[in-house]
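Here is the structure we will look at, set down as structure tokens.
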Amino acid sequence: MDNKQKAQQRADQIRAFYDEVEQLDADQVLKFDAEQFDPVVSYHNALLDSLTEKFDIDISAQQKQLSTGMKIASFIGALALAASVFFLFYQFWGYFGTTLQVSILIAAPLFSLFATYWVSGREATGYFAKLLSMVSFTCFVLNLVMLGQIFNITPSENALLVWAAFAVLLAYAFDVRLLLAAGILSFAGFIAARVGTWSGMYWLSFGSRPENYLLPALIIFTVPLWLKQKRYSGFDPVYRVFGCLLFLFPVLVLSNWGYGSYLIWDAAVIEGSYQLLGFVISAGLIVLGIRQHWPDTINTGNAFFVLFLYTKMFDWWWDIMPKYLFFLVIALSSLLMLFIYKRIRLQSQLVEDSHA
Amino acid sequence: MRKLILVGASVLLLTNVVVLAGVSYNRSGEPLVSIELTERELPVWQSYNSADENSGTALSLKWQVFNPDENLEYLSNTYITPSWLDDEKLTALGFDMDILKADIEKYQYRTWHHSVEALVVLEYQGDSYQRMLTVAENRMEILQKRAANFPDDKREQNKLSNFKKQLSRLKTSQSRLYAIDAGLDENALFQKYADKNRYLFVKAEIGLRWNKKDIEGRIRQLYVKQVHVPLPFSNMLSRISAGERYGAYNTTVVTPRYRVQLNIGQRLEPWVASVVATESADSSLK
Numbered sequence: 180m181d182n183k184q185k186a187q188q189r190a191d192q193i194r195a196f197y198d199e200v201e202q203l204d205a206d207q208v209l210k211f212d213a214e215q216f217d218p219v220v221s222y223h224n225a226l227l228d229s230l231t232e233k234f235d236i237d238i239s240a241q242q243k244q245l246s247t248g249m250k251i252a253s254f255i256g257a258l259a260l261a262a263s264v265f266f267l268f269y270q271f272w273g274y275f276g277t278t279l280q281v282s283i284l285i286a287a288p289l290f291s292l293f294a295t296y297w298v299s300g301r302e303a304t305g306y307f308a309k310l311l312s313m314v315s316f317t318c319f320v321l322n323l324v325m326l327g328q329i330f331n332i333t334p335s336e337n338a339l340l341v342w343a344a345f346a347v348l349l350a351y352a353f354d355v356r357l358l359l360a361a362g363i364l365s366f367a368g369f370i371a372a373r374v375g376t377w378s379g380m381y382w383l384s385f386g387s388r389p390e391n392y393l394l395p396a397l398i399i400f401t402v403p404l405w406l407k408q409k410r411y412s413g414f415d416p417v418y419r420v421f422g423c424l425l426f427l428f429p430v431l432v433l434s435n436w437g438y439g440s441y442l443i444w445d446a447a448v449i450e451g452s453y454q455l456l457g458f459v460i461s462a463g464l465i466v467l468g469i470r471q472h473w474p475d476t477i478n479t480g481n482a483f484f485v486l487f488l489y490t491k492m493f494d495w496w497w498d499i500m501p502k503y504l505f506f507l508v509i510a511l512s513s514l515l516m517l518f519i520y521k522r523i524r525l526q527s528q529l530v531e532d533s534h535a
Numbered sequence: 194m195r196k197l198i199l200v201g202a203s204v205l206l207l208t209n210v211v212v213l214a215g216v217s218y219n220r221s222g223e224p225l226v227s228i229e230l231t232e233r234e235l236p237v238w239q240s241y242n243s244a245d246e247n248s249g250t251a252l253s254l255k256w257q258v259f260n261p262d263e264n265l266e267y268l269s270n271t272y273i274t275p276s277w278l279d280d281e282k283l284t285a286l287g288f289d290m291d292i293l294k295a296d297i298e299k300y301q302y303r304t305w306h307h308s309v310e311a312l313v314v315l316e317y318q319g320d321s322y323q324r325m326l327t328v329a330e331n332r333m334e335i336l337q338k339r340a341a342n343f344p345d346d347k348r349e350q351n352k353l354s355n356f357k358k359q360l361s362r363l364k365t366s367q368s369r370l371y372a373i374d375a376g377l378d379e380n381a382l383f384q385k386y387a388d389k390n391r392y393l394f395v396k397a398e399i400g401l402r403w404n405k406k407d408i409e410g411r412i413r414q415l416y417v418k419q420v421h422v423p424l425p426f427s428n429m430l431s432r433i434s435a436g437e438r439y440g441a442y443n444t445t446v447v448t449p450r451y452r453v454q455l456n457i458g459q460r461l462e463p464w465v466a467s468v469v470a471t472e473s474a475d476s477s478l479k
């Protein structure tokens, strides 16, 4: 087992196996005799003990529910603690001299980094370490933002690059998907800002040129292809989902706002081209996701395909149709998509049965 | 994991070393600018959120653009096109005005994308401020005559009354820093405007805007909007500037209560070197 996710999948598989055995016994279809079944039970118990010790997985439904609760609590706790650190410094920094301000700003992320490392070695679940790693990242963001304010430093997009580097390091050190997402967004922001400055734009206006995000989106989407993430649970989907979002969201914006493009064609032509691109890419992502068994990619492609479709329908019909008719058309198109997906699903089932 | 932690710690330390080295370089040697400004040019920054818990103190940098229009209604301007920011200057800043003006239809909704980072020169208490006072006083005379000719016309009376307040602010509370030039060649500007006590140099974004059938230049923003005030000056400022403050939404006339020695360093980053109460503020504190 490479990571917690795979270990959890194995444990779920084992639990499902015993549930099915119990059901078959209840339905009087099949009953295993002790000679056959005991070695299997021993094997499974040993495997589950080993997986629990190594990855702290959930082996019962109740444990799973509690783990979900712990994840939510950890997430909220991390965000709240990060906000608290930020506002704590904000409230009191004016009473400190410059030397003390700088010392606190540099010490805070360092101290929280080493605290995270210390806690991770003593706590198997990893929740507290993840929480502290978020605090460490927040302290680093605060570090640079406040140094910039104290010394009136001209803002630079390089801050996004170092924040991205630190977030990604913490993400891989402590297996934190939230920090990986933060790192990806910072990296995308840096590339977009740097590309923007090459065209003469002030870097803080990087949000006003959606096309600046297309290149970083492609880079981010392809990361799992050239950097294996086996030991990290759920990192591949994070790269793919953010790659899709960073590509498709700008395309969606440009499909409605041609003036935001670097291209100097007629705005209507630009919008039409991006609309077409949006449909093609989102449909392509659905196909790619089905072929590669990437449910995250399928869902993202799906969501944007629907968004492009409904945006287009709004453009065509909102002004010329009565409202009830417009929403009826939306409903009918949803039903049509339901039939299409059902058909694709049936075909995929037939293909699997024929292989079996 | 230990390797990643060590790399992470290195990133933290190295980043801070680079940042502080930049600060040290900026403040090394003689400052490029060392100018004494007052509360008019550097009012204490006010948060619009009255519940703001920020204990830090900053000064806003206020500046103006000279408006030569004799029929002007407002005496506080940063969004108009400066007269010196003409096509020749915009071309020197890197805009291809011939292409842009040849097809205004194509570019009119895209002008806001065209911008360049340049160095703007702000003149303190100079020719632009004097000319602004002259234009304002001439306008005042015209409004007074009109109000005298139409004593029952409430609109004319209100216009006069409002303009009187604006003129009073222009003379007493409003910034005397006026943008007078911009360029890409910093050394050329430093040489041209060599008086350290009269000119400020600030990096800014200069962009274009579409105005009816024409494309004009505009100073979109100065990159320095606020200057942090460290201890002990922040305590001093809190005492001196307690009470009424001049700001965009508070149009009370406030006589400046403090003077600030502002330095600008090698990287064009400013810092506050000293804060002193003016004589009137000093006596009121005692």
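Protein chains in written order, with my numbering: chain H, 180 to 535; chain C, 194 to 479.
We put the CB at the ideal spot given by N, CA and C, even for glycine.
Fair warning: this is a prediction, and the values are worked out from it, not measured in the lab.
Start and end residues, alpha helix (DSSP H) containing residue i
i        : result
GLN471/H : 446-471
LYS405/C : Counting along the chain, LYS405/C falls outside any alpha helix (DSSP H), and DSSP gives it neither H nor E.
TRP464/C : That residue, TRP464/C, is in no alpha helix (DSSP H); its beta strand (DSSP E) goes 463-470.
GLY376/C : No alpha helix (DSSP H) holds GLY376/C; the beta strand (DSSP E) holding it covers 370-376.
GLU214/H : 213-234
ARG195/C : 195-219
MET249/H : 240-271
MET492/H : 474-496
ILE398/H : 393-405
ARG480/C : Shown here, chain C extends from 194 to 479; a query on residue 480/C therefore has no answer.
Identity of the residue in the options nearest residue i by Cα
i        : options                                   : result
GLU298/C : LYS405/C, ASP262/C, LYS385/C and LEU230/C : LYS405/C
LEU254/C : LEU235/C, LYS196/C, SER427/C and ILE335/C : LEU235/C
VAL468/C : GLU229/C, LEU278/C, ASP279/C and GLY400/C : GLU229/C
GLN414/C : VAL313/C, LEU278/C, ALA295/C and ILE373/C : VAL313/C
SER282/H : CYS318/H, LEU425/H and THR295/H           : CYS318/H
PRO334/H : SER366/C, LEU205/C, ALA397/C and ALA375/C : ALA397/C
LEU260/H : ASP217/H, LEU311/H, ALA225/H and TYR306/H : LEU311/H
LEU340/H : MET194/C, LEU205/C and LEU199/C           : LEU205/C
VAL264/H : ARG410/H, GLU201/H and LEU284/H           : LEU284/H
VAL447/C : ALA202/C, VAL226/C, VAL200/C and GLU232/C : GLU232/C
THR476/H : TYR489/H, SER461/H, GLN241/H and PHE330/H : SER461/H
GLY437/H : TYR300/C, ASP320/C, ASP407/C and ILE408/C : TYR300/C
GLU223/C : ALA470/C, LEU461/C and THR471/C           : LEU461/C
ARG303/C : SER533/H, LEU442/H and TYR503/H           : LEU442/H
PHE143/H : LEU488/H, ILE238/H and ASP228/H           : The shown model of chain H, from 180 to 535, leaves out residue 143/H, and the question about it has no answer.
LEU404/H : GLY422/H, ASN391/H, PRO389/H and TYR392/H : GLY422/H
ARG356/H : GLY413/H, LEU504/H and LEU258/H           : GLY413/H
GLY410/C : ILE399/C, LEU353/C and ALA202/C           : ILE399/C
LEU467/H : TRP497/H, ARG419/H and GLY439/H           : ARG419/H
THR247/H : THR304/H, LYS407/H and VAL430/H           : THR304/H
ALA295/C : ASP407/C, PRO261/C and TYR416/C           : ASP407/C
N-terminal and C-terminal residue of the beta strand (DSSP E) that residue i is part of
i        : result
VAL313/C : 308-317
TYR416/C : Note, TYR416/C: premise wrong, no beta strand (DSSP E); not H, not E.
VAL208/H : No beta strand (DSSP E) contains VAL208/H, which DSSP labels as neither H nor E.
GLY452/C : Note that residue 452/C is Arg in the sequence shown here, rather than Gly. Element bounds for ARG452/C: 451-457.
Original post:
If contact means a Cβ-Cβ distance below 8 Å, which residues of the segment 447-475 of chain C contact chain H?
Top reply: ARG460, LEU461, GLU462, PRO463 and TRP464
Original post:
In the segment 221-285 of chain C, which residue ranges form an unbroken beta strand (DSSP E) of at least 3 residues, counting only runs that do not cross its ends?
Top reply: 226-231 and 250-253
Original post:
Can at least three beta-carbon pairs, one atom from the segment 293-308 of chain H and one from the segment 506-523 of chain H, be found at a separation below 8 Å?
Top reply: no
Subject >> Within 8 Å of chain H by C-beta, residues of the segment 194-206 of chain C in sequence order >> reply: MET194, ARG195, LEU197, ILE198, VAL200, GLY201, ALA202, VAL204, LEU205 and LEU206
**OP:** Could you name the residues of the segment 427-449 of chain H whose beta carbon sits closer than 7 Å to any beta carbon of chain C, in the order they occur along the chain?
**Re:** TYR438 and ILE443
**OP:** Residues of the segment 386-416 of chain C with a CB closer than 7 Å to any CB of chain H: list them in chain order, please.
**Re:** LYS396, GLU398 and TYR416
Original post:
Using Cβ-Cβ distances below 9 Å, what residues of the segment 213-224 of chain C are close to chain H?
Top reply: LEU213, GLY215, VAL216, ASN219 and ARG220
Original post:
Would you call the segment 199-216 of chain C and the segment 370-385 of chain C touching, i.e. three or more CB-CB distances under 8 Å?
Top reply: no
Subject >> In chain order, each alpha helix (DSSP H) run of at least 4 residues that lies wholly inside the segment 329-373 of chain C >> reply: 347-365
Subject >> Inter-stretch contact (C-beta, 8 Å, three-pair minimum) for the segment 425-434 of chain C and the segment 386-402 of chain C >> reply: no
Subject >> Contact the segment 335-347 of chain H vs the segment 362-380 of chain H: 3+ CB pairs below 8 Å >> reply: yes
Original post:
Hey, is the segment 274-289 of chain C in contact with the segment 341-355 of chain C, meaning 3+ C-beta pairs nearer than 8 Å?
Top reply: no
Original post:
Does the count of Cβ pairs from the segment 315-323 of chain C and the segment 443-463 of chain H closer than 8 Å reach three?
Top reply: no
Original post:
At a Cβ cut of 7 Å, what residues of the segment 343-360 of chain C count as close to chain H, listed as they run along the chain?
Top reply: none
Subject >> Positions along the segment 310-329 of chain C whose CB lies within less than 9 Å of some CB in chain H >> reply: GLU310
**OP:** Count the C-beta pairs between the segment 413-427 of chain C and the segment 282-297 of chain C that are closer than 8 Å, then say yes if the count reaches three, no if not.
**Re:** no
Original post:
Three or more beta-carbon pairs under 8 Å between the segment 265-273 of chain H and the segment 520-527 of chain H, yes or no?
Top reply: no
**OP:** Note down, one range per segment and in chain order, each alpha helix (DSSP H) of at least 4 residues found wholly within the segment 270-342 of chain H.
**Re:** 277-299 and 306-329
Original post:
Taking a cut of 7 Å between CB atoms, which residues from the segment 273-300 of chain H lie near chain C?
Top reply: GLY273, TYR274, GLY276, THR277, ILE285, PRO288, LEU289, LEU292 and TYR296
Original post:
Can you list, in chain order, the residues of the segment 257-268 of chain H whose Cβ is nearer than 9 Å to any Cβ on chain C?
Top reply: PHE266
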